[in-house]
Structure formats: C-alpha cells, structure tokens
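Here the sequence shown is numbered in this note's numbering, starting from 1440 and rising by one per residue.
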Amino acid sequence: MANSWTRDELIVAFNLYCKIPFAKSVQTNPEVISVANLIGRSPGAVAFKLGNFGSFDPELKKRGIGGLPNSSKLDKQIWDEFNSDWDELAYQSEVLIAKFGDKAATEFSDIDLTSLPPGTERESLVRTRVNQRFFRRSILSIYGSKCCITGLEFPSLLIASHIVPWGLDDSNRTNPQNGLCLNALHDRAFDKGLITITPDFNIKVSPKIAESVNKELVTNYFLKYDRQPIALPDKFLPGAKFLEYHNHEIYQGS
1440 MANSWTRDEL
1450 IVAFNLYCKI
1460 PFAKSVQTNP
1470 EVISVANLIG
1480 RSPGAVAFKL
1490 GNFGSFDPEL
1500 KKRGIGGLPN
1510 SSKLDKQIWD
1520 EFNSDWDELA
1530 YQSEVLIAKF
1540 GDKAATEFSD
1550 IDLTSLPPGT
1560 ERESLVRTRV
1570 NQRFFRRSIL
1580 SIYGSKCCIT
1590 GLEFPSLLIA
1600 SHIVPWGLDD
1610 SNRTNPQNGL
1620 CLNALHDRAF
1630 DKGLITITPD
1640 FNIKVSPKIA
1650 ESVNKELVTN
1660 YFLKYDRQPI
1670 ALPDKFLPGA
1680 KFLEYHNHEI
1690 YQGS
C-alpha cells in the first residue's frame, strides 16, 4: 500500500493546482513531473491528487467537471485552509517548495536582499515578494496568459491585477478569485477606477474616459470594450464580493 500523503506534500500539490490549467493536470505535463520529482511521488499520483482537489472546486462543478473521487479528509482540510487564508498558505507552499528543493525561499522570489539588514523588514519583504510571485503565476495560468479584456498574449505586458487592492484584504491578497489578468494599460485604468468588471463579468467603462478629447484613441482602447464580457479563466472565477467592492468603492461611475 502506498504511503499516505503528508500535509507538506499536499500543500505543494495544491500550489501546483493553482498554477496550471485543470485540463493540463495530467501525468505527462512537465510541471506535474517536476513536482512529482520534488516530493518523491509518481507523476500519476500527483495528477490524481490534482483531480482530488478539483472535486472540491465549485466552479468546476458548475461546468460539469467533477474532479476525481476518493479524496482524503486532509485533502479537504488543505483546500479549506487555503480558501480561508490564501496569504498564509500561499507563503507556506512556496517555502515548502524551496525546502523540498534544498533552497532558500529567496531563490524563488527574485529578491536582492544584500542591502537589507536581517530582521522584520527583510522577512516582510521576502514574504511579500514570494506571495506576489505565487499570485502572478496563478493568475497568468488560469487566464491562459491572455488579457481577459483584449486577448493580448505577451507575458511581459500582462499584469496579475488585484480586484480589491493588495493592502486592503490581507487574507485574500493571493486568492486567485481576487485577480484578473490585464494588459498594462487596462490594469492601470482598472486600478484608477476608469474601468470595472461587473459581477456578471462584463466590462464597464467610466464616463470620465469618454470626456477625453482624443475620441479615436478612447474608442479603440476603451469604448469598444464597453459592455462586452471578459474572457473567463479556466478556474477560480473572479469573486462576486471582490467585483462588487471594485464597482462600488473604486469605479468612477460619474
């Protein structure tokens, strides 16, 4: 009988669940193989565990995708823990990936810490950068590395945009349902409330943009998308409570 999965192994597997489309949760996927090698499991076992996590995903169920049966109580516990505090579990999972690979978390976060003294400031920066990296990878993955408004496919011009700003909701900073994949221009407009996404996933352009004197540019870059639906992600649909907050608190409707 195979050894039971440990909590640490499951957290790493859930990290992967967030970073690849559900349709690619198969044993031949190089990312699945990489995680399998990292934690000492077979690619088939990792792929099966991703399917177990999929069985808890309400958005997959709405699309008639049931995931795989025979999940464990610990599987469900990990799912519930992530969904109650994404910031903490996202960080834990990245640290565990580093630990399994005998590396420091900073090696996965692209941070130059040479100018910072040890202590709280350094630890805070590491945590922030590690979690930002997790969030970006998750958002680009579930949106297929395409802007959900324009369809632009150019990763260096894409932003993992927060719906509710980073500093306002600690437990949902890294929640993929609090994110959108936007190109740099529309990310800026979204951040400033010049566009929003309604809870039924339609784009809404602020009247303030229409006041611009350059009507052609405004039409080409903004007005032609007004009232059009966004391209929805593979999983983790934008959360209604986050979209409602942006509509009411950030969007410049008049």
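Glycine included, each C-beta is placed from N, C-alpha and C at the ideal position.
For clarity, every value in this text was computed on a predicted model and none was experimentally measured.
For residue i and residue j, what's the separation of their Cα atoms in angstroms?
i, j, result
"S1443", "A1484", "11 angstroms"
"F1461", "R1575", "17 angstroms"
"S1510", "G1490", "9 angstroms"
"F1593", "D1524", "31 angstroms"
"R1572", "H1625", "20 angstroms"
Taking residue i as the reference, which of the options has the closest Cα?
i, options, result
"G1611", "E1527, P1508, I1517", "The identity of residue 1611 in the sequence shown is Asn, whereas the question assumes Gly. Nearest option by C-alpha distance: E1527."
"N1570", "F1539, S1584, L1597, L1535", "L1535"
"G1606", "E1498, E1592, D1630", "D1630"
"L1597", "A1623, E1520, G1618", "A1623"
"I1642", "N1686, P1672, D1609, P1604", "N1686"
"S1595", "I1602, S1584, H1601, T1589", "S1584"
Starting from the C-beta of residue i, find all residues in its chain whose C-beta is less than 7 angstroms away, skip the five residues before and the five after it, and write them out in chain order.
i, result
"P1638", "A1679, L1682, E1683"
"I1459", "N1468, E1470, S1580"
"V1657", "I1648, A1649, S1651"
"I1478", "E1448, V1451, F1539"
"G1692", "S1645"
Below 8 angstroms CB to CB, which residues in the same chain sit around residue i once its five sequence neighbours on both sides are set aside?
i, result
"E1498", "K1674, F1675, L1676"
Quick one: what's got a C-beta closer than 6 angstroms to residue i's C-beta in the same chain, skipping five residues either side?
i, result
"M1440", "Reliability fails at M1440, whose pLDDT of 43 lies under 50, so the model's placement of it is uncertain and the value that follows must be treated cautiously. So no residue of the chain qualifies."
"A1628", "I1634"
"C1587", "L1619, C1620, I1669, A1670"
What residues are listed by DSSP as bridge partners for residue i?
i, result
"L1591", "None, per the DSSP bridge assignment."
"P1668", "N1641"
"S1610", "S1610 is not bridged to any residue."
"L1597", "N1622"
"G1636", "The sequence given here has Ile at residue 1636, not Gly. According to DSSP, which records beta bridges pairwise, I1636 is partnered with I1642."
Residue ranges of each alpha helix (DSSP H) within the segment 1464-1548, 4 or longer: 1469-1478, 1482-1493, 1497-1501, 1512-1523, 1525-1539
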